[in-house]
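A short worksheet on the structure shown next.
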Amino acid sequence: MQAIILDTETHTLNGLPIEIAYAPIEINAGKLTLDKSKLFDQLYQVGTPISYAAMAVHHILESDLENQPHYKTFKLPDTTTYIIGHNIDYDIAAIARCGVDV
Numbered sequence: 001m002q003a004i005i006l007d008t009e010t011h012t013l014n015g016l017p018i019e020i021a022y023a024p025i026e027i028n029a030g031k032l033t034l035d036k037s038k039l040f041d042q043l044y045q046v047g048t049p050i051s052y053a054a055m056a057v058h059h060i061l062e063s064d065l066e067n068q069p070h071y072k073t074f075k076l077p078d079t080t081t082y083i084i085g086h087n088i089d090y091d092i093a094a095i096a097r098c099g100v101d102v
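Under the numbering used here, the residues of the sequence shown are numbered 1 to 102, in order.
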């Protein structure tokens, strides 16, 4: 995997990630390909309440996070070279809070 298109949702503005999703893509000879079987979308527990403002944006409720893994368990794929996304600085900061070396 060369690159991922990343998106996160957090429990507050600039908070901990409660949802992390990415689509791995390959770029070869100027062509972009996506293997849909490798799409990743996971909810995470953070151990602190979701703000009402955040819930209004992403519609993720406390009950949605029950029995989900802890956010610190998230790992990027080892072969990730590039991270692409809308407001990517926000998403990179969010996964960095998981302990990911970005």
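Every residue, glycine too, gets a C-beta built ideally from N, C-alpha and C. Just so you know, these numbers come straight off a predicted model, no measurement behind them.
{"Asked": "Which same chain residues, not among the five before or five after GLY85, have their C-beta less than 7 angstroms away from its C-beta?", "Found": "ILE5, LEU6, ASP7, ASP91"}
{"Asked": "Can the beta-carbon of ALA53 be found less than 9 angstroms from the beta-carbon of LEU13?", "Found": "yes"}
{"Asked": "What are the boundary residues of the beta strand (DSSP E) that TYR22 is part of?", "Found": "17-28"}
{"Asked": "Go through its chain and collect everything with a Cβ distance to MET55's Cβ below 7 angstroms, but skip five positions before and after it.", "Found": "LEU61"}
{"Asked": "To the nearest angstrom, report how far apart GLN45 and ASN67 are at their CA atoms.", "Found": "8 angstroms"}
{"Asked": "Where does ASP64 sit, in a helix, a strand or coil, going by DSSP?", "Found": "helix"}
{"Asked": "How about LYS38 and PRO49: are their beta carbons less than 9 angstroms apart?", "Found": "no"}
{"Asked": "What first and last residue would you give for the alpha helix (DSSP H) that runs through TYR82?", "Found": "Run containing TYR82: none in the alpha helix (DSSP H); it sits in the beta strand (DSSP E), 82-84."}
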